[in-house]
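Residue numbers (my numbering), protein chains in the order written: chain A, -6 to 59; chain B, 10 to 294. Heads up, the beta-carbon is just placed ideally off N, CA and C, and yes, glycines get one too. So the structure is just underneath, and the comments pick up after that.
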Ligand SMILES: [Zn+2]
């Protein structure tokens, strides 16, 4: 089962990149945390989401102000 | 560019605190058995803060109040009316004045001991490299992505630790990086046209202060630690811990209010710290 920002999700994706595509995430400025690990976009395509286990995903907007 | 520096009181590295320093810092000295040594390490610490706005003002105030040895303040902006709700070093009469200059003047009134240096400019690489060379720790409190990427790159180049905060709207984030960890550019695409700043999204003044003081607390932990403590990897949450390589995100839900820290993974092909950087270097040779 996938949990996205603490909500159960019915989406099915083989990798984080596939999931990002299904969610239509913006191409830039987004952070994605998989099971407490913050993963750069460059590794999303190689990061599998095997359905043998639950995955907890947090998605948030990066900010740059100060 | 103008650079001003107040000469240190003594040219020899000091090994004791003066009587007035002892009284001034007495409430900090009580906090640990080795309070004197911790205070002296802070007195010898040299910190650079890039950006003296909603984050930079409280961070500078806490470090100077606590007795940091040397602080370099860099900002090219002038004080604006809309800064005043959260940028506590500025007053209504300061509107139009150079931020870094006004900030340094206020901080000198707060505590005459720290050496304060001001760069009232948007530094190019050479200017920033020069400022970095004179500091031990770099603090990013800037308000734009190009500056964040610049300081990230030059921190990595100099091998110096980077403590950074970012706030916009109702979001607040922190990242703590050094030469052993992933870098900011692993996470952020340099081509991102970041519009997530205080001008476009506004900013919660209390959240800016919370973020700045979380950063200041981490800085004081680090600056007062022994070199051995600084180098040791300690678990997040330990009193002496600085979670280098982590990205913190403020969240408030039920009883969990505060920063949640996530290990930031490196991008192996990062153009700043990874294979992309090696390739760029080889290409340049
Ligand atoms: Zn990197």
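Give me the Cα-Cα distance between residue i and residue j, rounded to the nearest whole angstrom.
i, j, result
"residue 246/B", "residue 266/B", "Reliability of the predicted coordinates at residue 246/B is poor, the pLDDT of 45 falling under 50, and no value is obtained from them."
"residue 88/B", "residue 17/A", "40 Å"
"residue 153/B", "residue 208/B", "11 Å"
"residue 185/B", "residue 240/B", "14 Å"
"residue 224/B", "residue 46/B", "22 Å"
"residue 138/B", "residue 115/B", "26 Å"
"residue 8/A", "residue 53/A", "18 Å"
"residue 43/B", "residue 202/B", "47 Å"
"residue 86/B", "residue 98/B", "14 Å"
"residue 121/B", "residue 198/B", "42 Å"
"residue 191/B", "residue 73/B", "30 Å"
"residue 171/B", "residue 95/B", "23 Å"
"residue 305/B", "residue -1/A", "There is simply no residue 305/B to check, as chain B begins at 10 and stops at 294 in what is shown."
"residue 237/B", "residue 276/B", "29 Å"
"residue 182/B", "residue 280/B", "23 Å"
"residue 271/B", "residue 29/A", "6 Å"
"residue 27/B", "residue 20/A", "56 Å"
"residue 1/B", "residue 45/A", "An answer regarding residue 1/B cannot be provided, because it is not within the stretch 10 to 294 covered by chain B."
"residue 64/B", "residue 24/A", "22 Å"
"residue 187/B", "residue 253/B", "7 Å"
"residue 75/B", "residue 57/A", "27 Å"
"residue 244/B", "residue 269/B", "Low confidence applies here, because residue 244/B scores a pLDDT of 48, under 50, leaving its location unreliable; read the following figure in that light. Residue 244/B and residue 269/B: Cα-Cα distance of roughly 14 Å."
"residue 219/B", "residue 260/B", "12 Å"
"residue 11/B", "residue 256/B", "Because residue 11/B carries a pLDDT of 49, less than 50, the predicted location of this residue cannot be relied on, and no value is offered for it."
"residue 38/B", "residue 169/B", "27 Å"
"residue 70/B", "residue 274/B", "33 Å"
"residue 178/B", "residue 216/B", "9 Å"
"residue 125/B", "residue 258/B", "31 Å"
"residue 31/B", "residue 41/B", "14 Å"
"residue 248/B", "residue 222/B", "Residue placement at residue 248/B is flagged as unreliable, the pLDDT there being 48, under the threshold of 50; a coordinate-derived value is accordingly withheld."
"residue 38/A", "residue 189/B", "25 Å"
"residue 173/B", "residue 55/A", "13 Å"
"residue 15/B", "residue 22/A", "Low confidence applies here, because residue 15/B scores a pLDDT of 48, under 50, leaving its location unreliable; read the following figure in that light. About 41 Å."
"residue 135/B", "residue 15/A", "44 Å"
"residue 264/B", "residue 23/B", "45 Å"
"residue 2/A", "residue 31/A", "20 Å"
"residue 193/B", "residue 25/B", "38 Å"
Run down chain B in chain order and give the residues with a C-beta less than 7 Å from the C-beta of residue i.
i, result
"residue 35/A", "276, 278"
"residue 29/A", "271"
Residue i and residue j look like a contact to me (Cβ under 8 Å); what is the Cβ gap, rounded to whole Å?
i, j, result
"residue 165/B", "residue 282/B", "6 Å"
"residue 228/B", "residue 146/B", "7 Å"
"residue 83/B", "residue 128/B", "4 Å"
"residue 232/B", "residue 51/B", "5 Å"
"residue 144/B", "residue 81/B", "6 Å"
"residue 196/B", "residue 33/A", "5 Å"
Can you tell which of the options has its C-alpha closest to the C-alpha of residue i?
i, options, result
"residue 77/B", "251/B, 40/B, 190/B, 49/B", "49/B"
"residue 133/B", "114/B, 119/B, 115/B, 163/B", "163/B"
"residue 67/B", "44/A, 59/A, 54/A", "59/A"
"residue 151/B", "168/B, 130/B, 142/B, 37/B", "130/B"
"residue 106/B", "118/B, 117/B, 93/B", "93/B"
"residue 205/B", "221/B, 24/B, 180/B, 215/B", "180/B"
"residue 54/B", "32/B, 193/B, 79/B", "79/B"
"residue 91/B", "213/B, 262/B, 222/B", "213/B"
"residue 4/A", "32/A, 49/A, 23/A", "49/A"
"residue 62/B", "259/B, 149/B, 235/B, 260/B", "149/B"
"residue 251/B", "261/B, 257/B, 230/B, 262/B", "230/B"
"residue 112/B", "173/B, 174/B, 60/B, 232/B", "60/B"
"residue 41/A", "31/A, -4/A, 22/A, 12/A", "12/A"
"residue -3/A", "22/A, 33/A, 27/A, 43/A", "27/A"
"residue 200/B", "155/B, 215/B, 217/B", "155/B"
"residue 10/A", "51/A, -6/A, 36/A, 47/A", "36/A"
Can you pull the chain A neighbours of residue i, defined as C-beta to C-beta under 7 Å?
i, result
"residue 151/B", "59"
"residue 201/B", "21, 22"
"residue 207/B", "58"
"residue 212/B", "58"
"residue 127/B", "In chain order: nothing, as chain A lies at least about 18 Å away."
"residue 176/B", "56, 58, 59"
"residue 157/B", "57"
Taking Cβ-Cβ distances shorter than 8 Å, what residues in chain A pair up with residue i?
i, result
"residue 180/B", "53, 54, 56"
"residue 154/B", "57"
Chain B partners of residue i, CB-CB under 8 Å?
i, result
"residue 24/A", "196, 256, 258"
"residue 4/A", "Residues of chain B passing the Cβ test: none, with the nearest at roughly 22 Å."
"residue 32/A", "274"
Does the CB of residue i have a neighbour CB from chain C at under 7 Å?
i, result
"residue 9/A", "Here chain C cannot be found, since the structure's protein chains are A and B."
Residue i touches chain B at which residues, Cβ-Cβ below 9 Å?
i, result
"residue -5/A", "Going along chain B, no residue has its Cβ under 9 Å from residue -5/A, so there is no contact; the nearest lies around 18 Å."
"residue 12/A", "Correct list: empty, because the minimum Cβ distance to chain B is about 17 Å."
Verify the contact flag: residue i, CB atom, against every heavy atom of ligand 3, threshold strictly below 6 Å.
i, result
"residue 194/B", "By its list of ligands, the structure shown excludes ligand 3, since it contains just ligand 1."
Compile a chain-ordered list of the residues in the stretch 60 to 80 of chain B whose CB is closer than 9 Å to at least one CB of chain A.
60, 62, 63, 64, 65
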